[in-house]
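Engineer:
This is the structure:
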């Protein structure tokens, strides 16, 4: 089985960069569509909701709205002669981490900025959207500019996921336990998770990484060959029911299952369950973006750190898959429905659904055993945009597959997400291997 | 000269507790007047401005609005049979530090609460104001209830000053340097400060503390006798001009002027000027609630810590006065105009004015050399309200006289304010003694 | 009753500065006697014991031995033409906090210095002792030099107490619970504490501070008048038995007895008893310099912080005395036996004895309610030695009376010791007032 | 070229576990030889030198001496019926991190233990050595026991390296800059480093990991196949001369060369050169275990963190090799002379020598681009000894090849050392790849 065939099949339809009239239209459509989703995500929130930074990893919603706009202004509009910035202070205020662009405003103080307010931030978006739309309409975009737009839209989609995970943290930090969106559908799905099966693979050399069709981040390249060792991989993710066994068996109190740093984290933060689980009179509840609910035992366990995923795997006598084992196994799986854009459209809860047999893509991110490293021959792009991915390749673990907070046209089999091993506020779950 | 005569002269007209029909009216008037000033202070602010906590000492404006309301609800309304709390979660959310009332929400996380929003907070105020007004109108208030109302109003006035100093910190933390209120008057007063004179006092025994006429905090009692040693005290506060000499002479670089803890603070925080001073091309600017202005050399130096006040005094070959020397010297001074309520009324900048000869009251708080300790025979009141003052009598220094952010009917000669020696965000200045 | 009479009676015989042949002899004797006690204190210790710094407040014994020597070298020998320092690096290494002498080696890293070792340190002492002895013998000492010697000896006696309290902390930090000196006397004294009595005082003006006979620190001057308010003071210190009642009554779990900062300390450090108390199967043991022993209920409670002393007093419905009330009450009390020099001489445990009726001096330091502030008219001496006391007058509380770790010829009624309110490793106890 | 052939050639002669009379002899010889080297390393040190912990990563020499002994006592002697521990408290005191054995004494407080002193620690060693020697002599050792001895000796050799790197940190932290051993040979070798060459490799599958001949840690197994991508690897390590170019070119001031976490480390610790480099009047000196010396430009750069190694590589337009590229390239290289045991024997400085063409083994550890992860199929051994390696496989980078502080019979091509990316106190250098 040739991996290049495999991967081209599954690539989501992303605009290809050839300049044709219809491309202009589709670029404009896509630009509007992606940009609109950001404001749609912010819509249920008050100005105060959009201002909070409840931990250093969290950014205020308003900051996300401005920073994604800053991206287009900085890398697309500022290049153009005669461009007048909307506000010269924004260059520094909304720079996330691009040292080449100047000294960014300190990350942990993003929640200390009351201005620009939500209204002015939305005006800033409008200002930039107008100019970018004009630019696209003008049919004069170079390939490089088209690439920046495509990168900017993907960048925005990443921030859309962060907006959702960050606002979940903000709301959960408030004893009033506010609801983001009241779920229009039944709160608890009665379906059961299918039985767990193990899919075997012999030693083989596969091609991994992006095949060049459509957009991809630089960290997915170059496409290259990897040796896969014989292994088995689980047919579905670990459920809450299975994870509860680990808890009930004393998993959080026994150091032998844990990495040394993980055991330190357990003790330092007094972890005894995934993030957002609430123990009430012996029953487990869960804080969700649609309010507090009883824990659904057949949903995939979610909001666990790498440390917890790894400890659960050791307790099970198993391990986590490498990112290449995952990519190999996931090939041929279709895009499902549990994605942010689709859930928002139907007014459904942004929350994982009962785990299924072919849920490699969507629902919950899956921690892999792979530390986040460059692919052989990897080179970051030149200039400031080279800071996008490469400088974070250290002490982070790769997650694959996207989640219920990811947009369906943002994910692909070669997509490499990454977080430090103690991060829990993403929609992150577990798939086992052995 | 008898101090008891002295102090009764200067006491601001505060409601005396005898219950008469006119008292009801005046209590209601005063209640409305004080409560209205809080919302008036918040009026120029956006919902986001009201949500920020830029350092642990700062509380969000919205929190101040809610907490002062909580005070009346908790200590007045909850006592009444059949009272339904506006929101039962508010009991904990807006408890500042009263352990007797329950576990307060952690202070440093006040800026993490997006709900209740500004609108709901104002509704909460309205709800409590309606019920308290009814209660006052009903003419059934016991002396104890009247005392709680009086304490609640003074408590609110304290928080009004904090709202102003906190919002100054919030706005100054933003690179956009927003303005709180554009000043309706000339930004820089051309008047000069009068020459410094030294008023002598022989050894004498004076009565200090509150004389019992009108409201006072428990920490001003009992009125008692203190021995004053021979000394001289300055006729006016130290000006920016004089403080600049200290800076220019290397005051911030020479450990010999500083307390050991003060020198540590200078180095840890890299202090080289008072808070809100901005050095620009060799000229000093000042961030004020009405924008950035050139430093006015004849204004009293402001936003200095006790450490800086003490170091300046040592560098001058002088010292700070004790709180009793200050109270002795200040007697007979009339209330001036540089107070929050008066400035707000005229739309003037909340900012110190050029120092004058009789500015013991208003303009800037004056650090004294006295650590904050109980008066002989001091007893906190019984119950939760006993936590108001007494438990803070440790490692703080007394400030006297009120500032441009204090209300004129909140200050008196016996008033004891207190802050830790490194606090700089209050409107605090320096008067010398020797 | 005139305080000046009072205080001259109690002043320990300290060398008076007039230069006479016998003075030379007595100065030399005293110099040798004090210097020898330091090495005697270090004698039971291994080189490793002398090297430990188990918390930032603790200094290694070896550092104390060197620093006290550095004092004579720096302020006496270096002044002399032609003096060659023992080691030029020692100037910085053993400077404690004299900024005028240069940048001191960071305090918290004193336990990181393995060199000079114990042997070389003792050689350093010998080198300096030889030269100082010659100098004293030469009969050419100026008054200023005599003052430096006297200050240096008192300085060394302070460090002798610190050596004992620091080594107690070092040994107690070791699970092996090593013994400093095996006590030659019966471990537990069977005597009972006398019943508590209250001595009354009317309002009076007293003279306090040092009367000028013999040595005193600058912080005991100027002698001046203080107004004492009517009060009662306890005839003896609080016993372990009485303090246990406080513990058993839940004193450490009830915030209402505590200063706000004190309650924070209780929670942060999980305090539930004085330092060195060990709960074992429901019985209280105590780590002492002579090993672990059952708690003696009639001994004065010891190793409590100001926060604990204050909380105990509030729980008792009492308060701590001011330093002037203490000095007034202590007048006329003779020096007792529970002092470091006497205990060392008889090979007895350095540990408090059963509290008695006239134990103002010795046994345990007594926390007062007075924050440590300068006396009216206080001026530090000029030059580097002016850093001795004055720069610490902030956020510390005064203790009076000396302890079992103080030398009997180092203490006097006017002596002002001072520590931050959370310090517990000194031999500090409680006397009540009301 | 078959890797299995390759690796068997280079394996250092390590005792094979078959039980024969001569094995007994050789085991005893090896036991004595390794154990003696530890005391030999401690010999030039004073008791105080052996007591210091100058940063949390550093352990006192005395602790190393005791902990390595504890290893044999715990895993070999305690198993035997009737064994009486030397001191029951040592079980906890000298447990490094084995949670299965009980709660270890906190690592950061190892420098707070003055007892047992150096003498008692050496007695502890003697006690255990006698019993272990008897046991070996008895010729009754099971295979499992032989494995524990072999593991214990390798464990001790690791700690010998740590003793040297830790004592270097201790001595360098002292302004007196003490010397560990005066070097008996010429301080600066006049040889030049050979020109850098690039050795190419095509894509190939190699066998990596330990081949089963002789001792190896569990983390070197299982031996397995890895796909090597086409690459070039440098013939020798980076020299001080080359690294100086990076410094002089502003390498430490330009964020574009650094990982994001690396740039944070540069700023937080104010790094501007490798550890132990000292800038003096524009010239670079180096603190070594044999005193301060001018920087030798042809020696390999040493005491750099992974962050620095990676930044240097990016600045060079190169990268670091993966651990498999390294293992592939290093095959066939002979053991050199720059190893701890050989240098100690000849009384030479424990310091890198001028870099040579075949210095894969010894001199300096070489950072690889590989995060430290388990090999496919890796399983830690059962029981407490399973904690040896596996639980640290997170956020660490692999180093290969050993250093001048490693024993020559402790290293092998498959040996995987690992440290966090900010560690600099090991003898760690750089080899480039591209």
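Protein chains in written order, with UniProt numbering: chain A, 1 to 434; chain B, 1 to 434; chain C, 1 to 434; chain D, 1 to 434. We treat Cβ as the ideally placed atom computed from N, Cα and C, and that holds for glycine. This one's a predicted model, so the numbers in the text were calculated from it and none came from an experiment.
Keeping to the same chain, check which residues put their C-beta closer than 7 Å to that of residue 60 (chain A); ignore five residues upstream and five downstream.
Structural biologist: 50, 51, 52, 53, 110 and 111
Engineer: Can you check whether the C-beta of residue 48 (chain C) is within less than 7 Å of a C-beta belonging to chain D?
Structural biologist: yes
Engineer: Which stretch, first to last residue, makes up the beta strand (DSSP E) that contains residue 399 (chain C)?
Structural biologist: 397 to 400
Engineer: Show which residues of chain A have a CB atom less than 7 Å away from the CB atom of residue 89 (chain B).
Structural biologist: Per Cβ cutoff of 7 Å: 175 and 176.
Engineer: For residue 191 (chain C), name the three-state secondary structure that DSSP assigns.
Structural biologist: coil
Engineer: Need the endpoints of the alpha helix (DSSP H) that residue 247 (chain B) sits in, please.
Structural biologist: 240 to 248
Engineer: For a contact defined as C-beta to C-beta under 9 Å, what are the partners of residue 52 (chain A) on chain B?
Structural biologist: 51, 111, 112, 113 and 114
Engineer: Sorted by chain position, which residues of the same chain lie with C-beta nearer than 8 Å to residue 387 (chain C)'s C-beta, five sequence neighbours on each side aside?
Structural biologist: Only 97, 98, 99, 100 and 380 meet the Cβ criterion.
Engineer: Is there at least one Cβ from chain D nearer than 7 Å to residue 82 (chain C)'s Cβ?
Structural biologist: no
Engineer: Using the C-alpha atoms, what's the distance from residue 165 (chain D) back to residue 89 (chain C)?
Structural biologist: 25 Å
Engineer: Give the C-beta separation of residue 223 (chain A) and residue 209 (chain A) to the nearest angstrom, bearing in mind that I take them to be a contact with Cβ-Cβ under 8 Å.
Structural biologist: Taking 8 Å as the upper bound for CB-CB distance, residue 223 (chain A) and residue 209 (chain A) are in contact here, some 4 Å apart.
Engineer: Between residue 416 (chain D) and residue 405 (chain A), what straight-line distance do the alpha-carbon atoms span, to the nearest angstrom?
Structural biologist: 40 Å
Engineer: For residue 288 (chain B), list the residues DSSP reports as bridge partners.
Structural biologist: B:291
Engineer: So residue 38 (chain D) and residue 65 (chain D) are supposed to be a Cβ contact under 8 Å. How far apart are they, rounded?
Structural biologist: 6 Å
Engineer: What first and last residue would you give for the beta strand (DSSP E) that runs through residue 224 (chain C)?
Structural biologist: 224 to 228
Engineer: State the DSSP-derived secondary structure class of residue 197 (chain B), mapped to helix, strand or coil.
Structural biologist: coil
Engineer: What would DSSP say about residue 215 (chain C), mapped onto helix, strand or coil?
Structural biologist: coil
Engineer: Measure the beta-carbon distance from residue 342 (chain D) to residue 408 (chain D) and round it to whole angstroms, keeping in mind my assumption that it falls under 8 Å.
Structural biologist: About 6 Å; that satisfies the 8 Å criterion.
Engineer: Within the 7 Å Cβ cut-off, does residue 288 (chain B) reach chain C?
Structural biologist: no
Engineer: In angstroms, rounded to a whole number, what distance separates the CA positions of residue 307 (chain A) and residue 365 (chain A)?
Structural biologist: Roughly 15 Å between the two C-alpha positions.
Engineer: Using the Cα positions of residue 207 (chain C) and residue 370 (chain B), report the straight-line distance between them to the nearest angstrom.
Structural biologist: 20 Å
Engineer: Who are residue 429 (chain B)'s beta bridge partners in DSSP?
Structural biologist: The partner list for residue 429 (chain B) (beta bridge, DSSP) reads B:366.
Engineer: Assuming residue 327 (chain A) contacts residue 414 (chain A) under a Cβ cut-off of 8 Å, what Cβ separation, rounded to an integer in Å, is found between them?
Structural biologist: Their Cβ separation, rounded to whole angstroms, is 7 Å, which keeps residue 327 (chain A) and residue 414 (chain A) in contact under 8 Å.
Engineer: Answer yes or no: do residue 396 (chain B) and residue 419 (chain B) have a C-beta to C-beta separation smaller than 7 Å?
Structural biologist: yes
Engineer: Return the Cβ separation of residue 363 (chain C) and residue 338 (chain C) in integer angstroms, given the expectation that the two are a contact with Cβ distance under 8 Å.
Structural biologist: Indeed they touch by this definition, with Cβ atoms about 4 Å apart.
Engineer: Using CA coordinates, which residue listed in D:94, D:357 and D:140 is at the minimum distance from residue 332 (chain D)?
Structural biologist: Nearest to residue 332 (chain D) by alpha-carbon distance, out of D:94, D:357 and D:140, is D:357.
Engineer: Between residue 427 (chain B) and residue 269 (chain B), how many whole angstroms is the CB-CB distance? I'm expecting something under 8 Å.
Structural biologist: 19 Å between Cβ atoms; not a contact.
Engineer: Give, in chain order, every residue of the segment 202 to 232 of chain C whose Cβ lies closer than 8 Å to some Cβ of chain B.
Structural biologist: 203, 205, 224, 225, 226, 227, 229 and 231
Engineer: Please report whether the beta-carbon of residue 55 (chain C) lies at a distance below 7 Å from any beta-carbon of chain B.
Structural biologist: no
Engineer: Rounding to the nearest angstrom, what Cα-Cα distance links residue 162 (chain A) and residue 389 (chain A) in this structure?
Structural biologist: For residue 162 (chain A) and residue 389 (chain A), the distance between alpha carbons rounds to 16 Å.
Engineer: Interface residues of chain F around residue 292 (chain B) at Cβ under 8 Å?
Structural biologist: Although the question refers to chain F, the structure presented lacks it and instead comprises the protein chains A, B, C and D.
Engineer: Could you tell me which of A:255, A:368 and A:225 sits nearest to residue 203 (chain A), measuring between CA atoms?
Structural biologist: A:225
Engineer: Go ahead and pull the three-state DSSP assignment for residue 154 (chain A).
Structural biologist: helix
Engineer: What does the Cβ neighbour count give for residue 195 (chain C), buried or exposed, with the cut at 16 atoms within 10 Å?
Structural biologist: exposed
Engineer: Would you kindly work out how many angstroms separate the C-alpha atoms of residue 394 (chain B) and residue 373 (chain B), rounded to a whole number?
Structural biologist: Taking the straight line joining both Cα atoms gives about 7 Å.
Engineer: Contact between the segment 65 to 82 of chain D and the segment 124 to 132 of chain D: three or more CB pairs below 8 Å?
Structural biologist: yes
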